[in-house]
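See below for the structure under consideration.
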Amino acid sequence: MSNNKKYLGSFLFFLILAFTFAINALADTFDLSYDLTEGGYRLELNPANLYKGVNITINSTVTTRYQVVQKVITPLENRDNPAVVIRDNFVIRGLRGTNRYGDLRVPSDDAPVRFDDILYISDVQGHADSFTIVYGLNQIENIAAGNYFGRVSFTLIPIDSTRTSVTKILDIYITVSPKETLGPSIEIIPQSGLNYLKLSSKTKEEATFDVQININRQPDTLFSIVQVINRPLESVDGSQIDYKTVNIATNPAKKGTGLSPSPLSYQQQAIYTSKPTGEAEASLLVTYSLGDLSGQKAGNYKSMLQYYIEQADKPFSFLKSLELEIEIAPIFDIAITPQDEKGTLEFKDLKPQGPPKTNEVLISIKTNIGKQYQVSQNIYSDLTDKEGNTIPNSYFSMRSESMDTKGKLQLLVKSEVKKGDTNLFISDEDGSTDSFKVIYELVYPPEIKAGDYSTRITYSLSEI
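Here's what the structure looks like:
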C-alpha cells in the first residue's frame with residue numbers, strides 16, 4: 029500500500045511540473061501595438077490639425093533586446109495625381125520623457141520622415157516600454173492642394189534572437205485645401221543642386237560653400253529663418269570635431285538682418301530676420317566656410333542641417349534638411365630649419381686649441397592623422413674632404429633639446445654623430461604636432477689637415 033502511495037505522489041508531482049511549464053510558455057509575450065493620442069488608429073492631418081501624436085507600446089515578457097523600425101510602405105501620393113508626392117513636408121518628432129527604459133532615437137525637433145528609420149532601441153534587458161512620436165506637416169503652403177494617402181509600418185525586431193518580428197500598419201490621410209497654398213514660400217537651394225553641403229580642406233575653392241535662399245512669398249509679420257544642427261559632426265569611427273571649425277555668414281541685407289560672420293553653433297541660429305512688417309529680401313546668400321582646423325583630426329565628419337521659419341505665436345515650420353559633410357584632408361609634414369640663413373649646416377673658422385663650434389637645426393612636425401610617429405636622421409658618410417681625408421666621429425657630436433616638446437627625445441645626452449640611421453624623436457601616443465632642436469658640435473681635430481669637409485644629412489618622418 030505504501031508503495032502505491034509513493035507512486036501516486038510522484039505522478040502528481042510530474043503533472044504539476046508539466047502544467048506549470050505550459051502556463052509559463054503561454055505567458056511569453058513579444059508584441060507591439062499603437063494608438064493615436066486623440067484616439068483611433070487612422071492618422072488624419074489637415075490645416076486645422078497639422079500635428080497628431082502616436083503612442084507606441086511594446087509588450088514584452090522575455091529578456092530579448094529589441095528595436096522598433098519605421099518604414100514608409102506607401103509614399104504620401106495625391107489621389108488625383110499620383111506623381112505629386114509629399115516628401116520633406118511630412119515630419120516626425122519624438123517626445124522626450126515618454127519612454128522609460130530604452131533609447132528614443134527620434135529627434136525632438138521636426139525632421140522629415142525617411143523611408144527607413146530606427147525609432148527606438150531597448151535596454152539590454154529588453155524591458156517592455158512605450159513612447160510617443162508626433163507626425164505633422166510643415167510649410168503646408170508649399171504642398172499642392174488635394175487629398176493624399178500613404179502608409180507607414182512599425183516593426184518590432186528582436187536583436188540577436190530568433191524570435192519573429194511583429195509589424196503593424198498606420199494609414200495616413202492628408203487634406204490640403206487650395207487656400208493653404210497661398211502663404212509664404214521659401215526655397216533653400218545649395219550650390220550643389222542636391223540636398224547636401226560639403227566643405228573640404230583639400231583646396232581653397234572647396235573650403236567654402238554657398239546656399240541660396242529665395243523668399244518667393246512673404247509673411248505679413250516678422251519672421252526669421254532659423255538653422256539647427258541636429259547632431260554632432262562625427263566620423264564613422266566615432267571621432268568628433270568642434271562646431272567652430274565651420275564659419276557661417278549671410279550676405280548684407282537692406283531689408284531685414286542677416287547673420288554676421290559667426291562660428292557654427294549647436295544652438296539654433298537665426299540666419300536671417302525680416303523687417304517687423306514681414307518685408308524681406310527676395311534672395312539671400314548664406315556662405316559656409318572652414319575655420320581654424322588646428323587640433324582637429326583628419327577624416328570625414330557628417331551631420332544634418334535643418335532650416336525652419338519662425339513666426340510669432342506659431343510653431344516652427346520646417347523648410348529643408350541638408351546633409352553636412354566636413355572633409356579634413358590628412359597632413360603629415362616635416363620642416364627642417366637650419367640656424368644658418370643659407371639653409372646649410374656649416375662650421376667655419378675652426379682653429380687649433382679653439383673652442384668647439386655649434387650649429388642648430390629646428391625640426392617641426394605638422395600632422396593631424398592622429399597616429400604615433402618618429403623622426404630619424406641619416407648620415408650618408410663621415411665628414412670627408414676632396415682627397416678622402418675624414419674627421420673621426422669622436423670630434424663630431426650631437427644632442428637634442430626640447431621646445432615644450434610633447435613627445436620623447438631620444439638623444440638628450442651628447443653623443444657621437446654616427447654614419448647611418450639614428451632615431452631622434454618619438455611622438456606622444458596621440459601623434460600631436462610637435463617640434464624640437466638638434467644641436468651639432470664640432471671640435472677641431474689637431475691631427476687633421478686644413479680643408480673643407482662635408483657630408484649629407486637627411487631627416488625622415490614615418491608612422492610607427
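Numbering (the working numbering), first residue to last: 29 to 492. Heads up, the beta-carbon is just placed ideally off N, CA and C, and yes, glycines get one too.
Quick one: measure Cβ to Cβ for E469 and S425, integer angstroms, because I've assumed they're closer than 8 Å.
Taking a contact as a CB-CB distance under 8 Å, the pair E469 and S425 counts as one, their CB atoms being some 5 Å apart.
Evaluate the contact criterion for the segment 386-395 versus the segment 363-370: three or more CB pairs, one atom per stretch, below 8 Å.
The segment 386-395 and the segment 363-370 touch, with no fewer than 3 CB-CB distances between them shorter than 8 Å.
Given a cut-off of 9 Å on the beta-carbon distance, is the pair L390 and K330 in contact?
No, they are not a contact pair.
If distances are taken between C-alpha atoms only, which option among I214, K325, N417, T192 comes closest to S460?
Minimum Cα distance to S460 is reached at K325.
Helix or strand or just coil, what does DSSP make of K272?
Per DSSP, reduced to three states, the secondary structure at K272 is helical.
What would DSSP say about I168, mapped onto helix, strand or coil?
Note: I168 maps to helix in three-state DSSP.
Quick check on this structure: which residue in D432, F453, L132, K447 has the alpha carbon closest to the alpha carbon of L439?
In terms of Cα proximity to L439, the closest of D432, F453, L132, K447 is F453.
So, does the segment 400-418 touch the segment 432-450, judging by three or more C-beta pairs under 8 Å?
For the pair of segments examined, the segment 400-418 was found to touch the segment 432-450: the number of CB pairs separated by less than 8 Å reaches three.
Please determine, among L165, N387, Y176, the residue with the shortest C-alpha to C-alpha distance to S428.
It is N387 whose Cα lies nearest to the Cα of S428.
Local conformation of A310 per DSSP, three classes
A310: coil per DSSP, three-state reduction.
Where do the N-terminal and C-terminal ends of the beta strand (DSSP E) with G435 fall, by residue?
From DSSP, G435 is part of no beta strand (DSSP E); its letter is neither H nor E.
What is the DSSP secondary structure of P280, reduced to helix, strand or coil?
The answer is coil: DSSP assigns P280 none of H, G, I, E or B.
For Q219, which residues in the same chain have their Cβ closer than 8 Å to its Cβ, ignoring the five residues on either side in sequence?
Same-chain partners within the cutoff: F237, D238, V239, Q240.
Between which two residues does the beta strand (DSSP E) containing D144 stretch?
144-149 is the extent of the beta strand (DSSP E) around D144.
Report the three-state DSSP secondary structure of S267 (helix, strand or coil).
In the structure shown, S267 sits in coil (DSSP, three-state: anything other than H, G, I, E or B).
Restricting to Cα atoms, I'd like to know which of V194, D341, K436, G286 is closest to F254.
One detail in the question is off: residue 254 reads as Val in this sequence, not Phe. When only C-alpha atoms are compared, the closest one is G286.
L36, DSSP secondary structure in three states
Low local confidence applies: a pLDDT of 32 at L36 is under 50, so the model's placement there is unreliable, with the coordinate-based value given in what follows. Per DSSP, reduced to three states, the secondary structure at L36 is helical.
Take Y148 as the anchor and find which of E309, Y163, G122, D432 has the nearest alpha-carbon.
Of E309, Y163, G122, D432, the residue nearest in Cα terms is G122.
For L313, which option in I356, I216, T249 has the closest C-alpha, if you only look at C-alpha atoms?
Nearest neighbour of L313 by Cα position, chosen from I356, I216, T249, turns out to be I216.
Pull up the CB-CB distance for A172 and N223, whole angstroms please, since I reckon it's below 8 Å.
Between N223 and A172 the Cβ distance is about 20 Å, and since that is not below 8 Å, they are no contact.
Is it true that the CB of V97 sits closer than 9 Å to the CB of I86?
Taking 9 Å as the Cβ cut-off, I86 and V97 do not qualify as a contacting pair.
Within the same chain, show all residues whose beta-carbon is closer than 6 Å to that of I269, passing over the 5 residues directly before and after it, in chain order.
L261, Q324, Y329.
The segment 114-128 touching the segment 151-159, judged by at least three CB pairs closer than 8 Å
Look at the beta carbons and you see the segment 114-128 touching the segment 151-159: at least three pairs across the two are nearer than 8 Å.
Using a Cβ-Cβ distance cut-off of 9 Å, determine whether Q246 contacts chain B.
Given the protein chain composition of this structure (a single chain), no chain B is represented.
From S228, S213, K196, residue whose alpha carbon lies closest to that of N244
N244 has its Cα closest to that of S213, out of S228, S213, K196.
If you follow the beta strand (DSSP E) that I397 is part of, which residue opens it and which one closes it?
Taken as a continuous stretch (DSSP letters only), I397 belongs to no beta strand (DSSP E), as it is neither H nor E.
Option nearest E233 by Cα separation, candidates E374, S311, T315:
For E233, the nearest C-alpha among the options comes from T315.
Measuring CB to CB, does Y472 end up less than 9 Å from T418?
Judged by their CB atoms, Y472 and T418 are not nearer to each other than the 9 Å cut-off.
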